[in-house]
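Counting from 1 along the sequence shown, just add 57 to a position and that's the residue number in the working numbering. Working notes, beginning with the structure itself.
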Amino acid sequence: MELQTWLAFFAACWVISLSPGAGAIASMSSGLQYGFWRGYWNALGLQIGLAMQIAIVGAGVGAILTASATAFHAIKWFGVAYLVYLAIKQWRAQPMDMSDDAAVRPIGKPLALVFRGFLVNISNPKALVFMLAVLPQFINPHAPLFIQYVVIGVTMIAVDLIVMAGYTGLASKVLRLLRTPTQQRRMNRTFAGLFIGAAAFMATLRKAAA
Numbered sequence: 058m059e060l061q062t063w064l065a066f067f068a069a070c071w072v073i074s075l076s077p078g079a080g081a082i083a084s085m086s087s088g089l090q091y092g093f094w095r096g097y098w099n100a101l102g103l104q105i106g107l108a109m110q111i112a113i114v115g116a117g118v119g120a121i122l123t124a125s126a127t128a129f130h131a132i133k134w135f136g137v138a139y140l141v142y143l144a145i146k147q148w149r150a151q152p153m154d155m156s157d158d159a160a161v162r163p164i165g166k167p168l169a170l171v172f173r174g175f176l177v178n179i180s181n182p183k184a185l186v187f188m189l190a191v192l193p194q195f196i197n198p199h200a201p202l203f204i205q206y207v208v209i210g211v212t213m214i215a216v217d218l219i220v221m222a223g224y225t226g227l228a229s230k231v232l233r234l235l236r237t238p239t240q241q242r243r244m245n246r247t248f249a250g251l252f253i254g255a256a257a258f259m260a261t262l263r264k265a266a267a
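If you want it as structure tokens, here you go:
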């Protein structure tokens with residue numbers, strides 16, 4: 058991959074990652090609930106899902122899935138259902154004792170948070186279709202494809218890790234300001250609404266005409 062091409066792709070990665078979406082919402086939700094260091098496990102799961110989507114596109118399977126209406130809708134509705142599940146879970150989250158001497162804070166299990174992030178990304182068919190449309194524009198078909206997809210994958214994941222760290226860290230700072238149960242309930246319900254909004258948006262997605 059030529060440097061000029063990589064720089065253009067690098068810039069595109071920042072735009073893509075900074076755009077609010079289900080991954081950003083999940084990162085902020087995790088940061089709010091568990092703090093930065095524990096909540097950041099969610100971002101690792103997001104990247105595993107992202108890496109798998111890049112591998113699917115690189116292997117050519119993405120074109121097959123995109124052409125199949127059944128596969129597209131199966132992935133889409135699984136993603137919708139999972140986002141609704143996250144919304145319900147967020148809505149029901151209990152307020153925490155945020156006093157300075159509070160000893161009990163929720164401790165999310167790393168593997169559970171990783172799996173949660175993975176499902177958020179891998180169940181988004183629009184991301185797969187988007188990558189299938191965008192990534193080939195940065196690929197030189199006359200050069201080794203494997204190395205190019207590795208460069209693309211590493212670049213996207215590195216940028217997304219930084220962006221999700223920002224989202225997670227920002228939400229974890231907000232956590233310290235939520236001292237009353239009422240404030241925490243409002244924040245939890247705000248994130249529940251965001252998850253529902255992301256689910257509603259995903260539900261409107263349609264497979265592009267062949």
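Note that the Cβ used here is the ideal one computed from N, Cα and C, for glycine as well. Values in this document were obtained by computation on a predicted structure and should not be read as measured data.
query, result
"Nearest to I113 by alpha carbon, out of L143, A228, Y91, P182?", "P182"
"My understanding is that G117 touches L202, with C-beta atoms under 8 angstroms, so please give their C-beta distance in whole angstroms.", "Rounded, the Cβ-Cβ distance is 10 angstroms, inconsistent with contact."
"Nearest by alpha-carbon distance to P238: which of V186, Q151, A169 is it?", "Q151"
"With a threshold of 8 angstroms on Cβ separation, who are the neighbours of G226 within its own chain once the five nearest residues in sequence on each side are excluded?", "G88, F93"
"Buried or exposed: where does A257 fall if 16 or more other Cβ atoms within 10 Å of its Cβ makes it buried?", "exposed"
"Given this structure, state the Cα-to-Cα distance separating F195 from A69, to the nearest angstrom.", "11 angstroms"
"Cα separation between A249 and A79?", "12 angstroms"
"With a threshold of 16 other CB atoms inside 10 Å of the CB of A81, please say whether the residue is buried or exposed.", "buried"
"Rounded to the nearest angstrom, what separates A255 and L60 at their Cα positions?", "35 angstroms"
"Distance check for V231 and A131, CA to CA, integer angstroms please.", "36 angstroms"
"Does the stretch 136-145 come close enough to the stretch 99-106 to have 3 or more Cβ pairs within less than 8 angstroms?", "no"
"Could you tell me which of P193, K146, Y142 sits nearest to T62, measuring between CA atoms?", "P193"
"To the nearest angstrom, how far is it from the Cα of R246 to the Cα of G96?", "18 angstroms"
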